[in-house]
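**Student:** Sharing a structure here in structure tokens format.
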Amino acid sequence: MTERINLGKAAPELYEGLHELHVRVAAVCRSAGMEDGFSHLLLTRASQINRCAYCIRMHTRDALACGESTDRVNLLPAWRETGYFNAKERASLELLESITLVAEDQVPDSVYQRAREVLSEKEVVAVAWLAVMINAWNRIAVTSRYAVDD
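The numbering of the sequence shown is the numbering used here, which starts it at 1010 and goes up by one.
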């Protein structure tokens, strides 16, 4: 594999800015009532879509450390086919996936409307900012080819 420039090391001030955003987004999520474990499941799901091995490993570990079950972690890619997620979690997952895949269909009104039916404004804002933030992290890690070794 071609050696890559580590974007975080090459521009530490930008990396720190994204880290500060991460801290602020986590606070917004908590303020909206989102459990830390579920926020890590959302981060994991976006990372799965973006095929960011580094972030998948990190946020899976974080979700488990926050008390998420192995079943919920393992079934995350197939969440629609399970009964493991409540209505708010399902709306959050759908909205996060749509924002992550924004190039495909621009976050359809139908997805947004379903989210607004069960999520408060604060919850929608939290999920949206979480998606924006993790998609930035995924792009840094994938572009820099952050190592994921045993």
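We put the beta carbon where it would ideally sit given N, CA and C, even for glycine.
Here the structure is a predicted model, which is why all the values come from computation and not from measurement.
Using only the alpha-carbon positions, how far apart do Ile-1065 and Ala-1150 sit?
**Tutor:** Indexing the sequence shown from 1 puts residue 1065 at position 56. Indexing the sequence shown from 1 puts residue 1150 at position 141. Each residue's Cα considered, the two are about 11 Å apart.
**Student:** If you follow the alpha helix (DSSP H) that Ile-1014 is in, where does it begin and where does it stop?
**Tutor:** Residue numbering aside, residue 1014 sits at position 5 when the sequence shown is read from its first letter. Ile-1014 -> no alpha helix (DSSP H), and no H or E assigned at all.
**Student:** In whole angstroms, what is the alpha-carbon distance linking Val-1116 and Ser-1048?
**Tutor:** Here residue 1116 is taken as the residue at index 107 of the sequence shown, counted from 1. Here residue 1048 is taken as the residue at index 39 of the sequence shown, counted from 1. Spanning the two alpha carbons is a distance of roughly 20 Å.
**Student:** Report back the beta-carbon spacing between Thr-1079 and Leu-1073 to the nearest angstrom; my notes put them in contact at under 8 Å.
**Tutor:** Position 70 of the sequence shown holds residue 1079. Position 64 of the sequence shown holds residue 1073. Rounded, the Cβ-Cβ distance is 7 Å, consistent with contact.
**Student:** Taking DSSP as the reference, what is the three-state secondary structure of Ala-1074?
**Tutor:** Reading the sequence shown from its first residue, position 65 is the one you call residue 1074. In the structure shown, Ala-1074 sits in a helix (DSSP, three-state: H, G or I).
**Student:** Work out the CA separation of Val-1032 and Glu-1077 for me, nearest whole Å.
**Tutor:** Indexing the sequence shown from 1 puts residue 1077 at position 68. Indexing the sequence shown from 1 puts residue 1032 at position 23. Taking the straight line joining both Cα atoms gives about 21 Å.
**Student:** Counting pairs of beta carbons, one from the segment 1091-1103 and one from the segment 1121-1138, are three or more of them closer than 8 Å?
**Tutor:** Yes, the segment 1091-1103 touches the segment 1121-1138.
**Student:** Please check the pair Arg-1154 and Arg-1013, which I expect to be a contact at CB under 8 Å, by giving their CB distance rounded to whole angstroms.
**Tutor:** As a first step, residue 1154 is located in the sequence shown; it is residue number 145 there, counting from the start. As a first step, residue 1013 is located in the sequence shown; it is residue number 4 there, counting from the start. About 4 Å separates the two Cβ atoms, so the contact holds.
**Student:** Tell me which residues share the same chain as Ala-1062 and place their Cβ nearer than 7 Å to its Cβ, disregarding the 5 neighbours each side in the sequence.
**Tutor:** Taking the sequence shown and counting its residues from 1, one reaches residue 1062 at position 53. Cβ within range, chain order: Val-1157.
**Student:** By Cβ distance below 7 Å, which residues in the same chain neighbour Tyr-1093 in space, the five residues on each side in sequence not counted?
**Tutor:** Locating residue 1093 in the sequence shown gives position 84, where the first residue counts as 1. So the qualifying residues of the chain are Asp-1080, Arg-1081, Leu-1084.
**Student:** Give the straight-line distance between the Cα atoms of Arg-1070 and Gly-1046, rounded to the nearest whole angstrom.
**Tutor:** To locate residue 1070, count along the sequence shown from 1; it is residue 61. To locate residue 1046, count along the sequence shown from 1; it is residue 37. In a straight line, the C-alpha of Arg-1070 is about 10 Å away from that of Gly-1046.
**Student:** Would you say Val-1127 and Ser-1107 are within 8 Å of each other, going by their C-beta atoms?
**Tutor:** Taking the first residue of the sequence shown as 1, we reach residue 1127 at position 118. Taking the first residue of the sequence shown as 1, we reach residue 1107 at position 98. Cβ distance not < 8 Å, so Val-1127 and Ser-1107 don't count as in contact.
**Student:** So, under 8 Å CB-CB, Arg-1054 and Leu-1105 are touching, yes? Tell me the CB distance rounded to an integer number of Å.
**Tutor:** Within the sequence shown, residue 1054 is the residue found at index 45, counting from 1. Within the sequence shown, residue 1105 is the residue found at index 96, counting from 1. About 6 Å; that satisfies the 8 Å criterion.
**Student:** Throw me the rounded Cβ distance for the Thr-1109 and Asn-1144 pair, which I believe falls under 8 Å.
**Tutor:** Residue numbering aside, residue 1109 sits at position 100 when the sequence shown is read from its first letter. Residue numbering aside, residue 1144 sits at position 135 when the sequence shown is read from its first letter. About 6 Å separates the two Cβ atoms, so the contact holds.
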